[in-house]
Amino acid sequence: MPRRKAAERGQPTKSRSRNGCLTCRKRKIRCDEGRPVCGNCRGRNLECQRGIALKWEAEYTSRGLAFGRRGVWNKQKTPFDDVPTHFMGEMVEWVSFPRIQPYHFINSTIEGFEDVLAEQEELGFAFPQLEEQSHAPLFNYYLERFCPLTTPSGHAESPFASLVLPFSISASSNAINAVLAVAARHLSKINRAWKPVAMQLEGKVLRNLRKRITVEDPQRIALDPEVPTIMMMLCLFEIINKCDERWVVHLKGARDLIRNRRRFLPKSPADSLVAFSERFFAFHDVIGRTACGEAAIFGSDYWNAKDTEVDAWLGCSPELVSIVCAVTELSRLRMQDPTVSTKADFAIRAESLEHQLSNLVQVVREPEDETLRRSAEVKRLTAVIYLYCALHGASPTTLLVGENVREILQHFIYFLNQGVIAGLTWPLFVTAVELDTLEDEIGTDELGQPIYGRQLILKVLDRMSQSSVANISRTRSVISQVWNARELDECSNSLPSEDLDLRNDWERFVAPVSGNMSLA
């Protein structure tokens with residue numbers, strides 16, 4: 001132990017201070033308690049953190065630990081009560097403790113925002129249309145990593161690979177830059193070095209598109225397939241980026257563009273790429289509106305109510321999407337006027353939709369494509385939950401909701417084992433917000449250990465954050481808000497107001513926090 005300075009030898013011994021900064025305490029050095037920044041932190045250019053750390057004696061005692069320094073070491077010879085350091089065997093009751101993973105924690109920590117660096121893969125080819133050859137690795141990432149995440153099918157090729165990429169290569173540099181921007185923004189989630197590149201590319205594409213729309217003839221703009229393709233990629237970019245109101249702006253712009261196209265070509269069928277872009281916008285609109293109940297941007301006329309064949313990109317049949325669209329519109333009527341649910345017409349329409357869902361048969365072109373078949377069934381079960389919650393006022397404690405939630409989560413165990421969870425954000429979201437967290441045991445694993453719904457959902461979200469096109473950060477945030485709101489409501493002793501009595505469970509807990517969500 002170092003000797004005291006000569007000037008200090010005649011002074012009384014200093015006792016330990018409780019006023020030092022947290023930074024010095026963490027470094028285990030003496031703090032001079034300078035304000036606003038102590039000398040140690042100033043000399044090393046560190047952040048001088050101050051605060052109070054609350055400690056509870058009962059907690060320390062129950063764990064058999066000393067409370068602070070009491071009974072361990074003291075300069076004054078003041079007697080203290082003995083602090084128990086262990087319990088007798090008969091006093092301890094050991095309980096099983098579940099395995100805890102980082103993704104089980106809802107609250108964020110600073111580590112969750114640290115940059116995650118990833119090695120860049122080499123690319124052996126380049127396209128002559130590229131404005132900068134340094135962007136060449138993005139093509140490889142888009143084709144090999146991004147496109148497989150857009151469909152749950154292992155047998156069908158993604159339209160982003162079979163339609164969008166070939167067209168972009170043969171079109172203008174603006175179309176290529178739109179593809180590169182999406183790839184760069186998605187890649188930046190694991191390597192933040194690509195985020196500035198993504199933002200620059202997106203800004204360039206947006207400026208060029210605005211210039212075209214301002215200068216060129218409206219009919220030429222409406223008939224050019226490059227324009228809806230670029231708008232689709234910009235919409236996808238904003239979903240990956242922040243998933244806020246900006247992707248909805250692109251959605252509304254695409255609606256106006258498609259209306260103009262149909263006005264100029266009223267009876268002409270759209271080519272494959274344009275048809276896919278229209279389906280992209282319409283699907284994102286209807287699935288996003290299931291959460292918040294906003295007004296429709298794309299109507300039900302985009303869906304063939306008799307098409308039962310499962311689309312690989314949708315992960316279900318157009319007929320199912322048509323039913324979901326009808327449920328969403330009926331739910332919106334109820335949100336505007338809750339008394340409408342007591343009318344006979346509302347009950348008849350709701351019963352008809354329920355009957356259609358119960359008898360829906362979705363046909364998979366490739367019978368061996370088990371993942372796509374399960375995806376279609378999971379989305380049908382999700383639609384059933386949504387219908388009962390949005391139209392009939394069901395809640396997590398409703399028997400039918402609980403049964404469907406458990407069945408869907410069993411399918412998700414299969415998806416996790418197969419390593420395929422693309423296009424399943426909507427089923428996971430609906431299942432999560434309608435999960436009864438007090439009764440969430442859904443079965444046992446191969447070792448006989450219980451499987452709990454909340455743990456499984458957090459595990460799937462963690463896997464999706466690395467292998468999904470959707471903005472899982474936003475999805476997880478909304479799910480956490482719904483869980484917290486339900487728990488606070490259960491702990492509250494206050495009676496609900498008359499307005500809350502008229503609102504169902506979905507309108508109270510889910511819709512208010514789900515604006516501008518993309519769940520497709």
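For the sequence shown, the positions run 1 to 520 when the UniProt record's numbering is used.
Beta carbons: idealized from backbone N, C-alpha and C, even for Gly.
In this text, all values refer to a predicted model and were calculated from it rather than measured experimentally.
As assigned by DSSP and simplified to three states, the class of residue i
| i | result |
| --- | --- |
| Val-364 | coil |
| Pro-137 | helix |
| Ile-190 | coil |
| Asp-32 | coil |
| Asp-271 | coil |
| Ala-347 | helix |
| Cys-21 | coil |
| Cys-316 | strand |
| Ala-118 | Note that Ala-118 scores a pLDDT of 39, beneath 50, so its modelled location is shaky and nothing firm can be said. |
| Glu-131 | coil |
| Thr-371 | helix |
| Met-335 | helix |
| Gly-124 | Model confidence at Gly-124 stands at a pLDDT of 37, short of 50, so the residue's coordinates are unreliable and nothing is read from them. |
| Ala-295 | coil |
| Glu-157 | coil |
| Gly-112 | Because the pLDDT at Gly-112 is just 48, under 50, the model does not fix this residue reliably, and the value given afterwards should be weighed accordingly. Gly-112 falls in the helix class under three-state DSSP. |
| Asp-505 | helix |
| Val-420 | coil |
| Asp-462 | helix |
| Val-83 | Confidence is the limiting factor: at Val-83 the pLDDT is only 44, short of 50, which leaves the residue's position unreliable and the question unanswerable from this model. |
| Ile-100 | coil |
| Pro-266 | coil |
| Trp-56 | coil |
| Gly-89 | Here Gly-89 scores only 49 on pLDDT, less than 50, and its place in the model should not be relied on; the value that follows carries that caveat. Looking at Gly-89 - three-state DSSP - the assignment turns out to be helix. |
| Trp-303 | coil |
| Lys-242 | coil |
| Ala-282 | helix |
| Asn-45 | coil |
| Gly-39 | helix |
| Glu-144 | helix |
| Met-232 | helix |
Nearest-angstrom beta carbon gap, residue j and residue i [assumed within contact, 8 Å]
| i | j | result |
| --- | --- | --- |
| Arg-185 | Ala-198 | 4 Å |
| His-284 | Ala-520 | 5 Å |
| Ala-183 | Phe-146 | 6 Å |
| Cys-24 | Arg-30 | 7 Å |
| Met-517 | Cys-243 | 7 Å |
| Val-469 | Val-513 | At roughly 22 Å, the Cβ-Cβ gap does not stay under 8 Å, so Val-469 and Val-513 are not in contact. |
| Val-205 | Ala-181 | 6 Å |
| Arg-380 | Leu-320 | 6 Å |
| Phe-412 | Val-460 | 6 Å |
| Leu-257 | Leu-223 | With 8 Å as the limit, Leu-257 and Leu-223 do not qualify as a contact, their Cβ atoms being about 10 Å apart. |
Distance CB(residue i)-CB(residue j) smaller than 7 Å
| i | j | result |
| --- | --- | --- |
| Ile-408 | Pro-427 | yes |
| Val-179 | Ser-162 | no |
| Leu-353 | Ile-323 | yes |
| Pro-218 | Gly-423 | no |
| Arg-332 | Ser-341 | no |
| Phe-237 | Ala-254 | no |
| His-250 | Met-231 | yes |
| Ile-297 | Lys-252 | yes |
| Ala-376 | Gln-356 | no |
| Leu-456 | Pro-396 | no |
| Thr-339 | Arg-289 | no |
| residue 521 | Pro-228 | There is no way to answer for residue 521, as the model of the chain reaches only from 1 to 520. |
| Leu-391 | Ala-350 | yes |
| Leu-201 | Asn-177 | yes |
| Cys-316 | Trp-506 | no |
| Val-430 | Ile-385 | yes |
| Ile-240 | Trp-247 | no |
| Val-286 | Cys-325 | yes |
Counterpart residues of residue i in DSSP-defined beta bridges
| i | result |
| --- | --- |
| Tyr-452 | Glu-441 |
| Asp-311 | Cys-316 |
Reference residue i; option with closest CA among the options
| i | options | result |
| --- | --- | --- |
| Ala-511 | Asn-504, Asp-445, Ala-291 | Ala-291 |
| Lys-55 | Gly-293, Leu-46, Ala-66 | Ala-66 |
| Trp-303 | Ala-275, Glu-294, Gly-293, Ala-295 | Ala-275 |
| residue 521 | Arg-263, Glu-245, Val-321, His-411 | This structure leaves residue 521 out entirely; the chain is present only between 1 and 520. |
| Gly-293 | Arg-508, Lys-26, Cys-48 | Arg-508 |
| Arg-27 | Ile-240, Arg-44, Arg-207 | Arg-44 |
| Glu-226 | Pro-166, Lys-189, Leu-187 | Pro-166 |
| Gln-466 | Leu-187, Leu-330, Ser-272 | Leu-187 |
| Ser-358 | Glu-368, Glu-366, Ala-383 | Ala-383 |
| His-135 | Lys-195, Gln-49, His-104, Gln-101 | Lys-195 |
| Val-433 | Pro-266, Glu-370, Glu-157, Val-401 | Val-401 |
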